[in-house]
DNA sequence: GCCA
DNA sequence: CAGTACG
DNA sequence: TGGCCGTTACTG
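Numbering (full-length UniProt numbering), first residue to last: 1 to 606.
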């Protein structure tokens, strides 16, 4: 058995191996010489399929050994052991690896360009769909096809995990192999046309947007929905935006004072939106670095990406154009450290920097394109890349066995969903939802258009709506479910991204009119006494939320969409009890209890 | 990659 | 549980 | 050097 699963504890790995051995498996150390005759190779994590391929580079797909090889998931092993359905003793082998890692430079995947994996590959995420996964391979295999089995598997897994193998945090490296992304950074083989397409599309997404005229907001606000969609609030907000526009135009002196020593906290710092970015020459370069890290599956990469994001934000609102680093060195912007400072220095002098001018690995634009599909993250995107898929069209070809329900739905509206949504249209949809909700549940129903809309954005990526009611109707099905059904019958909602029965958050696709574009929409139904916390959460921005939550954490409190909690007991960062809820119904009160000066939504664009 |  | 998503 | 938001919600 090749144990590759990230985070798998040595204990658990050891027990799996032992259990398999007890059932007659021959244990083979080392993976260089896999020569299965009639047996099975078990791969605990399908996510490491590529790694296995890397590990046996001398094979090619016509090698007859492929036909003898069966690759299964961890769930399969667990299930098989539980039901005593492992292949009969002596007919299968387990391969373990003792070495800490493979040498990436010498190992290449034999088919990283065209061929999908052999039919014996059983994707965990799709196993319930593949009722006949591999007709050409009659090798013994426990039934894992039925949905029930999969569920049972999951339960077993959980039970085993929590009760028996609750585990050391750090897996020993000789047992667990974590492959880094570096092994994927192959030199480009071919210049694929899809790469160019992806790059272009990315450029469009990151392109204009902030450039839309500020003056539009006034008129938008009058028919769009701000807090509760009521006119007074709308006008108040419009006036405020007006003031900000002027302040920004005048040079941005209209900021509220940040308490001393708090400038590093985004949740303390008003984000007075400045229409023009004076440092585009720098942020553009940093943006490409940020993007690269976002697409990586490596654990540290996402924090780097986050850090770049913060740095870019800071630079965007820096009041002067930076032509030499010294301008920054004396000011010291929080979030910009030595490394980025050095890069800025290089950018000032040469227009770019080393890290950004080295060309991206071949997989990067492909992964970037795949990740634009809702429900696809870096891990899935990279799997698909390794399976030979290169374009969204490739995915479409194989959609039935490749995509899960969410991804499948998202793909249907691929073109529309990658478009920005004009502010006006967000307001229109919110209004329609408000009318429907109030007809169903009465005029006391509150409806709020949230997200970047509430922060005053001229266009949005999706439509976020919060609903609440002081005395929710007691019905057989939840109010949210009722509302969704109603909106579907009206034709406003046209598809679901959350399939099952919705508890509190619905995600789906809507269309303001039959001929209009399809849009992403999120509906939140919240208890009335959590309205404040929910508004705070759903207003964002994400960076702002994270900052505020971290700040709460540091003060021994905890903040989430349900409320602000005090007296939280944590041991090594792990929360042991929930604490006492000290705020939740009122947004401003949460700021107050945290000791953060209140910031209106349009100042939360951290 | 930044920061306590 | 891992992966993805939400702000 | 370890942590980086949330014992967040939803899917499979």
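From the three backbone atoms N, C-alpha and C, an ideal C-beta is built for every residue, glycine too.
Self-check item: beta strand (DSSP E) runs wholly inside the region 431-515, at least 3 long, in chain order
Solution: 446-449, 463-469, 493-496, 505-510
Quiz item: Is the beta carbon of residue 556 sitting closer than 9 Å to the one on residue 567?
Solution: Numbered from 1 along the first chain, position 556 holds the residue referred to as residue 556. Numbered from 1 along the first chain, position 567 holds the residue referred to as residue 567. A contact, by the Cβ cut-off of 9 Å.
Quiz item: For residue 570, which residues from the same chain have a beta carbon less than 7 Å from its beta carbon, with the 5 sequence-adjacent residues on both sides left out?
Solution: Sequence index remark: in the first chain, residue 570 carries index 570 (1-based). 576.
Self-check item: Which of helix, strand or coil DSSP assigns to residue 563
Solution: Numbered from 1 along the first chain, position 563 holds the residue referred to as residue 563. DSSP places residue 563 in strand when its eight states are reduced to three.
Practice problem: Can you grab the Cα-Cα spacing for the pair residue 333 / residue 286, in whole Å? | Solution: Here residue 333 is taken as the residue at index 333 of the first chain, counted from 1. Here residue 286 is taken as the residue at index 286 of the first chain, counted from 1. Their backbone Cα atoms lie some 15 Å apart in a straight line.
Practice problem: Check each candidate in 579, 564, 519, 601 and name the one with the smallest Cα separation from residue 589. | Solution: Sequence index remark: in the first chain, residue 589 carries index 589 (1-based). The option with the nearest alpha carbon to residue 589 is 564.
Quiz prompt | Backbone CA spacing between residue 548 and residue 438 [nearest angstrom] | solution = Here residue 548 corresponds to residue number 548 of the first chain, with the count starting at 1. Here residue 438 corresponds to residue number 438 of the first chain, with the count starting at 1. C-alpha separation (whole angstroms): 33 Å.
Quiz item: Where does residue 336 sit, in a helix, a strand or coil, going by DSSP?
Solution: The residue given as residue 336 occupies position 336 in the first chain. Three-state result, residue 336: coil.
Quiz prompt | Buried versus exposed, by CB contacts within 10 Å (16 or more), residue 386 | solution = As a first step, residue 386 is located in the first chain; it is residue number 386 there, counting from the start. That one is buried.
Self-check item: Residues sharing a beta bridge with residue 527, DSSP
Solution: On the first chain, residue 527 is found 527 positions in, with the first residue counted as 1. According to DSSP, which records beta bridges pairwise, residue 527 is partnered with 469.
Exercise. Using three-state DSSP, classify residue 420 as helix, strand or coil.
Key: Here residue 420 is taken as the residue at index 420 of the first chain, counted from 1. Coil.
Quiz prompt | Range of the contiguous alpha helix (DSSP H) that encloses residue 380 | solution = Position 380 of the first chain holds residue 380. It spans 378-386 - the alpha helix (DSSP H) in which residue 380 sits, taken as one unbroken run.
Practice problem: Starting from the C-beta of residue 325, find all residues in its chain whose C-beta is less than 7 Å away, skip the five residues before and the five after it, and write them out in chain order. | Solution: Counted from its first residue, the first chain places residue 325 at position 325. Closer than 7 Å at the Cβ level, and outside the excluded window around residue 325, lie 341, 344, 345, 348.
Exercise. For my contact list, residue 509 and residue 413 are in at a C-beta cut-off of 8 Å; report their separation, rounded to the angstrom.
Key: Translated into positions along the first chain, residue 509 becomes position 509. Translated into positions along the first chain, residue 413 becomes position 413. That belief holds up - the Cβ atoms of residue 509 and residue 413 are roughly 6 Å apart, short of 8 Å.
Self-check item: Burial state of residue 445 (16 or more Cβ within 10 Å)
Solution: In the first chain, counting from the first residue as 1, residue 445 sits at position 445. By the 10 Å Cβ count, residue 445 comes out buried.
Quiz item: By DSSP, does residue 398 sit in helix, in strand, or in coil?
Solution: The count along the first chain starts at 1 and reaches residue 398 at position 398. DSSP places residue 398 in coil when its eight states are reduced to three.
Quiz item: Between residue 48 and residue 299, what straight-line distance do the alpha-carbon atoms span, to the nearest angstrom?
Solution: Working through the first chain from its first residue, we reach residue 48 at position 48. Working through the first chain from its first residue, we reach residue 299 at position 299. The predicted position of residue 48 is uncertain, since its pLDDT is 40 and thus under 50; a value taken from the coordinates is nonetheless stated next. Roughly 15 Å separates the two Cα atoms.
Practice problem: Quick one: grab the DSSP three-state call for residue 354. | Solution: Here the question's residue 354 lines up with position 354 in the first chain. Note: residue 354 maps to helix in three-state DSSP.
Self-check item: Inter-residue spacing [alpha-carbon to alpha-carbon] between residue 379 and residue 406
Solution: Taking the first chain and counting its residues from 1, the one referred to as residue 379 is at position 379. Taking the first chain and counting its residues from 1, the one referred to as residue 406 is at position 406. Their Cα atoms are separated by approximately 16 Å.
Quiz item: Given residue 290, which residues of its chain have a CB within under 7 Å of its CB, disregarding the five upstream and five downstream residues?
Solution: For the purposes of this step, residue 290 is taken as residue 290 along the first chain, with counting starting at 1. Result list for residue 290: 305, 308, 309, 312, in chain order.
Quiz item: Touching or not, the region 591-598 and the region 258-272, by the rule of three or more beta carbon pairs under 8 Å?
Solution: yes
Quiz item: Are residue 483 and residue 433 close, meaning C-beta to C-beta below 9 Å?
Solution: Counted from its first residue, the first chain places residue 483 at position 483. Counted from its first residue, the first chain places residue 433 at position 433. Yes.
Quiz prompt | Residue of 442, 552, 410 minimising C-alpha distance to residue 621 | solution = Nothing can be reported for residue 621: it is not among the residues displayed for the chain, which extend from 1 to 606.
Exercise. Mark residue 338 as exposed unless 16 or more other C-beta atoms lie within 10 angstroms of its C-beta, in which case mark it buried.
Key: By one-based count along the first chain, residue 338 stands at place 338. Result: exposed.
Quiz item: Near residue 464, which residues of its chain fall below 6 Å by C-beta distance, leaving aside the five closest residues on each side in sequence?
Solution: Numbered from its first residue, the first chain carries residue 464 at position 464. Cβ within range, chain order: 450, 451, 522, 538.
Quiz item: The beta strand (DSSP E) with residue 581 in it runs from where to where?
Solution: Taking the first residue of the first chain as 1, we reach residue 581 at position 581. Element bounds for residue 581: 580-583.
Quiz item: Nearest to residue 422 by alpha carbon, out of 458, 472, 525, 335?
Solution: Residue mapping note: residue 422 aligns to position 422 of the first chain, counting from 1. The shortest C-alpha separation from residue 422 is found at 458.
Quiz item: From what residue to what residue does the alpha helix (DSSP H) around residue 374 run?
Solution: In the first chain, counting from the first residue as 1, residue 374 sits at position 374. Careful: residue 374 lies outside any alpha helix (DSSP H) and carries neither H nor E.
Quiz item: Is residue 542 helix, strand or coil when you go by DSSP?
Solution: In the first chain, counting from the first residue as 1, residue 542 sits at position 542. Looking at residue 542 - three-state DSSP - the assignment turns out to be helix.
Exercise. Just tell me which of 393, 448, 602, 436 has its CA closest to the CA of residue 487.
Key: Position 487 of the first chain holds residue 487. Of 393, 448, 602, 436, the residue nearest in Cα terms is 436.
Practice problem: Apply the 10 Å Cβ neighbour rule to residue 314 and answer buried if 16 or more other Cβ atoms are within range, or exposed otherwise. | Solution: Position 314 of the first chain holds residue 314. By the neighbour-count rule (16 or more Cβ atoms within 10 Å), residue 314 is buried.
Quiz prompt | For residue 400 and residue 430, the rounded distance between their alpha carbons | solution = Residue mapping note: residue 430 aligns to position 430 of the first chain, counting from 1. Residue mapping note: residue 400 aligns to position 400 of the first chain, counting from 1. Computed Cα separation, rounded: 34 Å.
Self-check item: Status (buried if at least 16 other CB within 10 Å, exposed otherwise) for residue 442
Solution: Here residue 442 is taken as the residue at index 442 of the first chain, counted from 1. The residue is exposed, with fewer than 16 neighbouring Cβ atoms inside 10 Å.
Quiz item: With distances taken between CB atoms, is the gap from residue 587 to residue 535 smaller than 9 Å?
Solution: Residue numbering aside, residue 587 sits at position 587 when the first chain is read from its first letter. Residue numbering aside, residue 535 sits at position 535 when the first chain is read from its first letter. For residue 587 and residue 535, yes; Cβs fall inside 9 Å.
Quiz item: For residue 468 versus residue 525, is the C-beta spacing smaller than 9 Å?
Solution: Reading the first chain from its first residue, position 468 is the one you call residue 468. Reading the first chain from its first residue, position 525 is the one you call residue 525. Closer than 9 Å, so yes.
Self-check item: Close Cβ partners of residue 419 (< 7 Å) along its chain, the five nearest in sequence each way excluded
Solution: By 1-based counting over the first chain, the position of residue 419 is 419. Around residue 419: 517.
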